[in-house]
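In the numbering used here, the protein residues as written are 238 to 296.
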């Protein structure tokens with residue numbers, strides 16, 4: 238969820254290491270969670286690995 242206005246980051250476009258919120262285009266680095274537009278804003282980022290056909294998310 239975007240920290241700006243609660244937009245659905247899961248529905249945003251991903252380009253390289255950046256996901257863009259579909260509501261107001263706030264952008265976040267998917268590896269660190271840091272907001273590109275406002276570095277003091279941050280979302281939780283999770284480590285993800287792919288093993289065969291499994292996608293594993295470290296919580």
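Note that CB positions come from ideal geometry on N, CA and C, so glycine has one too.
- Following the DSSP letters along the chain, one finds residue 242 in no beta strand (DSSP E), marked with neither H nor E.
- The bridge partners DSSP lists for residue 272 are 265.
- Selection 240, 266, 261 and 249 evaluated against residue 284 yields 266 as nearest (Cα-Cα).
- When DSSP states are grouped into helix, strand and coil, residue 277 belongs to the coil group.
- In the three-state reduction of the DSSP assignment, residue 290 falls in the coil class.
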